[in-house]
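S.K.: With my numbering applied, the sequence shown closes on residue 159, and no number is skipped along the way.
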Amino acid sequence: MQTWNDVIRLANHPLPSPRRVEKTDAEWKAQLTPEQYHVTRQHGTERAFTGEYCEAHEAGLYACICCGTPLYDSRTKFESGTGWPSFTQPVDESAIRYKKDTSYGMVRVEVLCNVCDAHQGHVFPDGPAPSGLRLCINSASIKLVSEPKEAAAAK
Numbered sequence: 005m006q007t008w009n010d011v012i013r014l015a016n017h018p019l020p021s022p023r024r025v026e027k028t029d030a031e032w033k034a035q036l037t038p039e040q041y042h043v044t045r046q047h048g049t050e051r052a053f054t055g056e057y058c059e060a061h062e063a064g065l066y067a068c069i070c071c072g073t074p075l076y077d078s079r080t081k082f083e084s085g086t087g088w089p090s091f092t093q094p095v096d097e098s099a100i101r102y103k104k105d106t107s108y109g110m111v112r113v114e115v116l117c118n119v120c121d122a123h124q125g126h127v128f129p130d131g132p133a134p135s136g137l138r139l140c141i142n143s144a145s146i147k148l149v150s151e152p153k154e155a156a157a158a159k
């Protein structure tokens with residue numbers, strides 16, 4: 005189980021990607037909706053309480069909208085009251101990458117897909133026990149896959 009200390013360590017020393025998906029800007033624009041492109045490729049943020057998965061409770065895995073890599077398990081999703089889907093853990097330590105983000109005059113830790121570098125959101129140390137993590141994720145950056153085998157097939 006990851007903790008805030010693990011997040012800081014991984015932000016400074018990222019794990020290698022299990023595989024890479026790289027596309028041109030034109031290929032990403034052709035694949036994604038304008039909002040998905042803005043959030044994932046331009047590090048944008050959807051408006052609070054507007055995302056498809058903000059209040060979703062279906063079981064399954066949430067995969068990266070860009071490359072289909074499973075990133076989060078619905079069993080780690082919780083209601084944070086922030087307006088974005090929140091998770092306490094990634095599905096696997098190497099699935100996501102953490103990066104220091106100093107945009108907008110703040111110091112935060114950005115969450116990215118470790119396979120295609122899609123912006124997911126940010127992680128904060130104010131989540132529930134036992135990890136204390138709140139991965140605050142944009143709905144536009146993920147898709148719910150009802151079965152783990154579907155997530156693997158989406159790759």
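A virtual CB, placed ideally from N, CA and C, is assigned to each residue, including glycine.
None of the values given here were measured: they were computed from a predicted structure.
Starting from the C-beta of Asp-77, find all residues in its chain whose C-beta is less than 7 Å away, skip the five residues before and the five after it, and write them out in chain order.
M.R.: Leu-65, Val-95
S.K.: Note the first and the last residue of the continuous beta strand (DSSP E) segment covering Ala-67.
M.R.: 65-68
S.K.: Just reading off the alpha helix (DSSP H) that Thr-104 is part of, what are its end residues?
M.R.: In the sequence as displayed, the identity of residue 104 is Lys instead of Thr. Premise fails: Lys-104 lies in the beta strand (DSSP E), 100-105, not in any alpha helix (DSSP H).
S.K.: Compute the Euclidean distance between the alpha carbons of Lys-159 and Arg-23, then round it to the nearest angstrom.
M.R.: Residue placement at Lys-159 is poorly supported in this model, since its pLDDT is 49, which falls under 50; the coordinates are not used for a value here.
S.K.: Express the C-alpha separation of Gly-55 and Pro-89 in angstroms, rounding to a whole number.
M.R.: 8 Å
S.K.: State the Cα-Cα distance for the pair Met-5 and Ser-135, rounded to the nearest angstrom.
M.R.: 7 Å
S.K.: In the structure shown, what three-state DSSP assignment does Arg-138 receive?
M.R.: strand
S.K.: Tell me the DSSP secondary structure of Arg-13 in three-state form.
M.R.: helix
S.K.: Over what stretch of residues does the alpha helix (DSSP H) that includes Val-43 continue unbroken?
M.R.: Note, Val-43: alpha helix (DSSP H), 38-45.
S.K.: In chain order, what residues of the same chain have a beta carbon less than 8 Å from the beta carbon of Pro-20, not counting five sequence neighbours either side?
M.R.: Ser-98
S.K.: Roughly how many whole angstroms lie between the Cα atoms of Tyr-41 and Ala-133?
M.R.: 33 Å
S.K.: What are the residues that DSSP puts in a beta bridge with Phe-82?
M.R.: Ser-90
S.K.: What residues in its chain sit with their C-beta under 7 Å from that of Phe-128, if we drop five residues either side in the sequence?
M.R.: Arg-138, Cys-140
S.K.: For the candidate residues Ala-15, Asp-10, Thr-7, Phe-91, whose alpha-carbon lies nearest to that of Val-113?
M.R.: Cα-wise, what sits closest to Val-113 is Ala-15.
S.K.: Just the C-alpha distance for His-17 and Ala-122, rounded to the nearest angstrom, thanks.
M.R.: 18 Å
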